[in-house]
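Protein chains in written order, with the numbering used here: chain A, 31 to 305; chain B, 9 to 482. Where a beta carbon is used, it is the ideal one built from N, C-alpha and C, also for glycine. Everything on this sheet refers to the single structure shown next.
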Amino acid sequence: MSIPIPLRRPIAPVREASTDTACDNPRVSKPSTIVNLRELRQSCADCALSQLCLPASIGGADLERLDDIVRQRMPLDRGGVLFREGSAHPSLFVVRSGSLKTFVSLPEGDTQILGFHIAGELVGLDGLAGNGHQCTAEALERSSLCEVPFASLSDVAAKVPGLQHQLFRVMSREFVREQQHPVMMGRKQAMSRLAIFLRSLSERLRGIGHDPLELNLSMSRQELANYLGLVIETVSRLFSRLQAQGVLAVDRRIVRILQPAALAALAEKSDDEGK
Amino acid sequence: MPVTRLPASLIDRSAIFDPDLVARHDVSGPRYTSYPTAPQFRTDFGAAELRRMAHASNGDPIPRALSIYVHVPFCFSPCFYCGCNRVITRDTRRADVYLDHLAREIALTAPLFDRDREVVQLHLGGGTPNFLDARQMTALMDALRSGFALGGGDGREFGIEVDPRYADAETIRTLAELGFNRLSVGIQDFDPRVQQAVNRVQSEEQTRIVIDAAREHGFRSVSVDLILGLPRQTTERFARTLDAVLALAPDRIATYAYAHLPERFRAQRQIDATELPDAAARLALLGQCTRALGDAGYRYIGMDHFALPGDDLAVAQRAGTLHRNFQGYSTHADCDLVGLGVSSIGHVGRSFHQNARELPDYYAALDAGLLPVQRGLVLADEDLVRGDAIQRLMCHGRLDIAAFEQHHGIDFARSFPVELDRLRALADDGLVDVADDAIRVTARGRYLLRIVAMCFDAYLDAPNAASPRYSRAL
C-alpha cells in the first residue's frame, strides 16, 4: 500500500473525524499517543472558529490574555467522557472538531440525550450556575476541544472589552438552539421531528462553512431515536421513506440532502396538515 | 435433444472471445469476490472486532439488510478436482455434531445484529449442503429463524448448492418448503470417461430430476456449474455435454477453469496429469463453451458466469444494479454478510472476517462459548476506494470517472497514476478503452475482467503476493 490517495476536497473537521472511524479500527484502536503539536499550539488567533467565538475587535494583548486561559485538551476518542453529571469545577468547552452528545441519566437506568454538539458549539453551559455539571458530555467520534475555566473567564471578560458581550451572544445562540428540542418534541408527527433535526444540523454545518447538504451522522440511530423520542425502527423507516422520495440519499452514516426545499416543507408542516 | 437457437439479432455480442488475447493474458489472479482478498486477512482481527463492527453497523440510519452464508463441509465422496474446504465421510451423525455447533454459533452471532435487519439473501454452500437430511436441514433453518428475521418475500435470494447424486424430487420439495428459491447444481461434465477420471459419476437423468423438481416447486433460478480443463476432456466430447446442459435450460451457467495444484489440494493428486488437456486444448474448450452459450442466448455476466437475458442477474446488469460478494454475482446491493460455519467469510461494515478453517478449531471455540472468528481485516479508506473501482469494473465493465471522483472525493488521475499506466498498457492490447470520462472494458476484454481489475489491486505489488494460490484464467 504505497500509494496514498490525495484528497481533492479538503476534509472538513466533522467529516474527517467520522469518516475516519479510527476507534473502530483495531490497528489504531488504542487511545492514540500521537499528539498533533501544531493542533495543540494553535492559538485563538489562528482558530478557524474565531469568528464564532471571539469579538471582532479583539486583538494583540487581549488575545494573548484569552490564549492564556484557554486550555486545549488532548483530543477525546469516541466514547470519551468530557465531564460527568455532578462533577465539580465545571468548565465551558468549545468543540473545535468532531462532535459530542450530552445526556442525563434517568431513574430507571436509561438515559435521555439532550443534544448533539458539533464544531463551533459550546458544551458545559449547564455548569454556569455553580452546582457542577448537570449532564454528561461524551464524544461521538474523535473530537478536540478548548476548555475555558469559568473562574478565569469571568476575570478576563472583565478586562477585555467586547468579550463579555460576545460571550452573551454565543450563550444566547446556544440557548436558542437548545430550545429547539422541546419545540421539536412537541410535534406529533415523527417525520416532522426528523426533518427539523436534519435541517438544524444542515444549518449548523453551513454556519461553520461546511457543505450543508452532506451530513455525516456521528450519532447512531439508537442515539437519534432517543433524542427524537422515537423507536429505532421508526427512525430507519423515516430515512427509508425520505430516500425513496428522493429527498435524501443515505449511504451508511452519510446523508446527502437532495431536496432541501422538500425537507424544509416537512419540517414546517404542522401536525394537522396532510395526515 | 435439439436446442432452440436464437435469431442472430438476439445473440449477445457485448462479449467477444478472442483466443489469442486470452492466451496472452493467462496469468494467475484473484477472483475478487472481495477486495482486499482473503490472503490479506490478519489474525489481530477477532471476535471483539466483529462485535464492534456489528454494533456500529446497527447504528446506521438505515442499517443494511443481511446476507447469510452457511458452510456445510461434508461430502460423501471426494471429487478429485475439488479445492474446497471439505470433510469426506459417510457418517451422517457427524452432521448432528456440526449442526449443534452451528446452532451455538447462531445463538452467539444473531444478537449482534438488530432484529429489524431482514435477511434477504441466504446461501448454503459446501462441501455438499444436501449432506444434511430433511430433518437436519429443518433444524438448521429453525435455528436460523430463531435468531434472524429471514425474509419471506419474493425478493429473497435463498440459494443452496445441491449434489444431484444424493438428491431427488422429494429433497427439492423439502427445500422449497423451507424457503429456498435458488438452486445451484454441480455438473462439471456429463462425459462418463471424464466423470470416472474425477470420481464424480452423475447421470443426466439424476440431474434432470433435481432441476425439474426445482422448477415445479417454484424456484426462481437454477444455476449449473461446469468445469473446463478436466482430464480426458476434448471439444468433441464436450460438445455433447454442452448440448445436454442446454437441454436442461438452466437460468445461469458457471464455467470454471480447472486449476491443477496437487501440491496444495491433496485430492487433486488422484488426477493423472498426463490426461489433462494442454493449454491449446483448454483454450479451444473455453472458446467452444463461450460460443455455444452465446449462440443459445446466454449473456456473459463476467468472471465465468452466464445467464439467460430474463434472469435476475442479467436484468440487474442491464439496470446497473449488479453486485459482487463472496457468493459471487448478486442482485442484492449493500448487505452486511454474516458467515456461519467452519471457514466461512463475512463482511460487516468496513470489515471482513473469517471463521476457523479446521473443524477441531471451530468446535473448540464454540465449546468454550466463543465466536469462532479467527482472522479478518478492517478496511482502510484506500481499500474502499480500490475495492469500489474493482467492483464497478467486475459488474458493469466500466468506471465513470466523474461519478467515481464525486463519490469518493478524490482526483482520479492524481490518485491512480500507476494504475492508469497499467490500464493504458492493456488498452494497447485492446482489453479496455481509457478515456477522460470513463474506463470501459471492451467486448474482447470482458473475458479478461480479472486482468483489468488487477490494475487496482495494491496488494499484488507486495512481496509474496504474485502467488500460486490464485488460479489462472486458462
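Review point. What's the call for LEU70 of chain A, buried or exposed, on a 16-neighbour Cβ count within 10 Å?
Key: The residue you call residue 70 of chain A lines up with position 40 of the first sequence. The predicted position of LEU70 of chain A is uncertain, since its pLDDT is 42 and thus under 50; a value taken from the coordinates is nonetheless stated next. Classification for LEU70 of chain A: exposed.
Point to revise | Listed by chain order, chain B residues near LEU260 of chain A by CB distance under 9 Å | key: Counting from 1 along the first sequence, the entry for residue 260 of chain A is found at position 230. Ordered by position in chain B, no residue passes the 9 Å Cβ test against LEU260 of chain A, which lies about 12 Å from the chain.
Point to revise | Closest Cα partner of ILE238 of chain A within the set A:ILE148, A:LEU193, A:ARG101 and A:GLY116 | key: Here residue 238 of chain A is taken as the residue at index 208 of the first sequence, counted from 1. It is A:ILE148 whose Cα lies nearest to the Cα of ILE238 of chain A.
Practice item. Evaluate the contact criterion for the segment 178-196 of chain B versus the segment 219-228 of chain B: three or more CB pairs, one atom per stretch, below 8 Å. Key: Touching, yes.
Practice item. Could you name each continuous alpha helix (DSSP H) segment of 4 residues or more that falls completely within the segment 33-92 of chain B, going from the start of the chain to the end? Key: Runs of the alpha helix (DSSP H) inside the segment 33-92 of chain B: 55-66.
Review point. Looking at PHE198 of chain A and SER121 of chain A, is the spacing between their C-beta atoms short of 8 Å?
Key: In the first sequence, residue 121 of chain A corresponds to position 91, counting from 1. In the first sequence, residue 198 of chain A corresponds to position 168, counting from 1. Result no, Cβ atoms of SER121 of chain A and PHE198 of chain A do not sit closer than 8 Å.
**Study point:** Span separating the alpha-carbon of ARG190 of chain B from that of PRO317 of chain B
**Key:** Counting from 1 along the second sequence, the entry for residue 190 of chain B is found at position 182. Counting from 1 along the second sequence, the entry for residue 317 of chain B is found at position 309. Rounded to whole angstroms, ARG190 of chain B to PRO317 of chain B spans 17 Å at the Cα level.
Practice item. Please confirm if PRO368 of chain B has its CB atom under 8 Å from at least one CB of chain A. Key: Counting from 1 along the second sequence, the entry for residue 368 of chain B is found at position 360. Taking 8 Å as the threshold, the shortest C-beta distance from PRO368 of chain B to chain A does not fall below it.
Practice item. Please classify PHE205 of chain A: is it buried, with 16 or more other beta-carbons within 10 angstroms of its beta-carbon, or exposed? Key: On the first sequence, position 175 is the one that residue 205 of chain A refers to. With fewer than 16 other Cβ atoms within 10 Å, it is exposed.
Check your understanding: What are the residues that DSSP puts in a beta bridge with SER231 of chain B?
Key -> Looking up residue 231 of chain B in the second sequence gives position 223. Assignment of beta-bridge partners to SER231 of chain B by DSSP yields B:SER192 and B:ARG260.
Practice item. Mind checking who VAL356 of chain B pairs with in its DSSP beta bridge? Key: Position 348 of the second sequence, counted from the start, is the residue given in the question as residue 356 of chain B. Residue pairing for VAL356 of chain B: DSSP places it in a beta bridge opposite B:SER359.
Point to revise | Cβ pair GLY145 of chain A, THR132 of chain A closer than 8 Å | key: Counting from one through the first sequence, the residue named residue 145 of chain A turns up at place 115. Counting from one through the first sequence, the residue named residue 132 of chain A turns up at place 102. In this structure, THR132 of chain A lies closer than 8 Å to GLY145 of chain A by Cβ.
**Study point:** Neighbourhood of LEU387 of chain B by C-beta, 6 Å cutoff - its chain only, sequence neighbours within 5 removed
**Key:** Counted from its first residue, the second sequence places residue 387 of chain B at position 379. The residues are ARG358.
Check your understanding: Between VAL78 of chain B and LEU158 of chain B, is the Cβ-Cβ spacing less than 8 Å?
Key -> Stepping through the second sequence from its first residue, residue 78 of chain B is reached at position 70. Stepping through the second sequence from its first residue, residue 158 of chain B is reached at position 150. No, these two residues do not count as a Cβ contact at 8 Å.
Practice item. Closer than 6 Å by C-beta to ASP7 of chain B: which residues in its own chain qualify, once you throw out the five before and the five after it? Chain order, please. Key: Because chain B spans 9 through 482 in this model, residue 7 of chain B falls outside it and cannot be assessed.
Exercise for review: Can you give me the start and stop residues for the alpha helix (DSSP H) that LEU132 of chain A sits inside?
Suggested key: Counting from one through the first sequence, the residue named residue 132 of chain A turns up at place 102. Just to set this straight, residue 132 of chain A is Thr in the shown sequence, not Leu. Segment 129-135 is the beta strand (DSSP E) holding THR132 of chain A; no alpha helix (DSSP H) there.
Review point. Looking at chain A, which residues of the segment 68-82 of chain B have a Cβ within less than 9 Å of any of its Cβ atoms?
Key: Taking 9 Å as the Cβ-Cβ cut-off against chain A, the residues of the segment 68-82 of chain B that qualify are ASP68, PRO69, ILE70, PRO71 and ARG72.
Check your understanding: Nearest-angstrom Cα distance between ARG394 of chain B and ARG400 of chain B?
Key -> Residue 394 of chain B sits at position 386 when you count from the first residue of the second sequence. Residue 400 of chain B sits at position 392 when you count from the first residue of the second sequence. Going from the Cα of ARG394 of chain B to the Cα of ARG400 of chain B covers about 10 Å.
Exercise for review: Taking 8 Å as the threshold, find out whether the segment 375-387 of chain B comes into contact with the segment 144-161 of chain B through three or more Cβ pairs.
Suggested key: No, because fewer than three Cβ pairs between the segment 375-387 of chain B and the segment 144-161 of chain B fall closer than 8 Å, the two stretches do not touch.
Check your understanding: Of the residues B:ILE76, B:ILE279 and B:GLY163, which one's Cα is nearest the Cα of GLN241 of chain B?
Key -> Position 233 of the second sequence, counting from 1, holds the residue named residue 241 of chain B. Ranked by how close their Cα comes to the Cα of GLN241 of chain B, the residues B:ILE76, B:ILE279 and B:GLY163 have B:ILE279 in first place.
Check your understanding: Name the chain B residues that come within less than 8 Å of LEU296 of chain A, Cβ to Cβ?
Key -> For the purposes of this step, residue 296 of chain A is taken as the residue at position 266 of the first sequence. Neighbours of LEU296 of chain A on chain B: none; closest Cβ ~16 Å, over 8 Å.
Point to revise | Residue ranges of each beta strand (DSSP E) within the segment 140-221 of chain A, 3 or longer | key: DSSP runs (the beta strand (DSSP E)) wholly in the segment 140-221 of chain A: 141-148, 166-169 and 174-179.
Check your understanding: Does DSSP put LEU468 of chain B in a helix, a strand or coil?
Key -> Taking the second sequence and counting its residues from 1, one reaches residue 468 of chain B at position 460. Three-state result, LEU468 of chain B: helix.
**Study point:** Members of the segment 103-124 of chain B that neighbour chain A once the beta carbon cut-off is set at 8 Å
**Key:** Listed by position along the chain: ASP122 and ASP124.
**Study point:** Identity of the residues DSSP links to ASP408 of chain B by a beta bridge
**Key:** Taking the second sequence and counting its residues from 1, the one referred to as residue 408 of chain B is at position 400. In the DSSP output, where bridge partners are listed per residue, ASP408 of chain B has B:ALA446.
Review point. Where do the ends of the alpha helix (DSSP H) carrying GLU263 of chain A lie?
Key: Sequence index remark: in the first sequence, residue 263 of chain A carries index 233 (1-based). 262-274 is the span of the alpha helix (DSSP H), which, as asked, contains GLU263 of chain A.
Point to revise | Beta-carbon proximity of ARG229 of chain A to ALA294 of chain A, cut-off 8 Å | key: Translated into positions along the first sequence, residue 229 of chain A becomes position 199. Translated into positions along the first sequence, residue 294 of chain A becomes position 264. Contact: yes.
Check your understanding: Below 8 Å, can you find three or more Cβ-Cβ pairs linking the segment 455-465 of chain B to the segment 49-67 of chain B?
Key -> The answer is no - the segment 49-67 of chain B does not touch the segment 455-465 of chain B, with fewer than three Cβ pairs under 8 Å.
**Study point:** Residues that ARG286 of chain A bridges to, as DSSP identifies them
**Key:** Looking up residue 286 of chain A in the first sequence gives position 256. In DSSP, ARG286 of chain A forms a bridge with A:GLU244 and A:ALA279.
Review point. Under 8 Å between C-beta atoms, does ALA410 of chain B make it to chain A?
Key: The sequence position of residue 410 of chain B within the second sequence is 402, counting from 1. When Cβ-Cβ separations below 8 Å define contact, ALA410 of chain B makes no contact with chain A.
**Study point:** Those runs of the beta strand (DSSP E) which lie wholly inside the segment 97-122 of chain A and span at least 3 residues
**Key:** The segment 97-122 of chain A contains these whole beta strand (DSSP E) runs: 111-113.
Review point. Helix, strand or coil: how does DSSP classify VAL6 of chain B here?
Key: Absent from the model: residue 6 of chain B. The displayed extent of chain B is 9 to 482, so no value can be given.
Practice item. In the DSSP assignment, find the beta strand (DSSP E) that holds VAL338 of chain B and state where it starts and stops. Key: Residue mapping note: residue 338 of chain B aligns to position 330 of the second sequence, counting from 1. In the sequence as displayed, the identity of residue 338 of chain B is Ser instead of Val. It spans 336-338 - the beta strand (DSSP E) in which SER338 of chain B sits, taken as one unbroken run.
Exercise for review: Pull up the distance between the alpha-carbon of MET311 of chain B and that of TYR40 of chain B, whole angstroms please.
Suggested key: Here residue 311 of chain B refers to the residue found at position 303 when the second sequence is read from its first residue. Here residue 40 of chain B refers to the residue found at position 32 when the second sequence is read from its first residue. Going from the Cα of MET311 of chain B to the Cα of TYR40 of chain B covers about 9 Å.
**Study point:** Residue range of the unbroken beta strand (DSSP E) whose run includes ASN333 of chain B
**Key:** As a first step, residue 333 of chain B is located in the second sequence; it is residue number 325 there, counting from the start. Residues 331-333.
Check your understanding: DSSP three-state call for GLN204 of chain B: helix, strand or coil?
Key -> On the second sequence, residue 204 of chain B is found 196 positions in, with the first residue counted as 1. Residue state, collapsed to three classes: helix.
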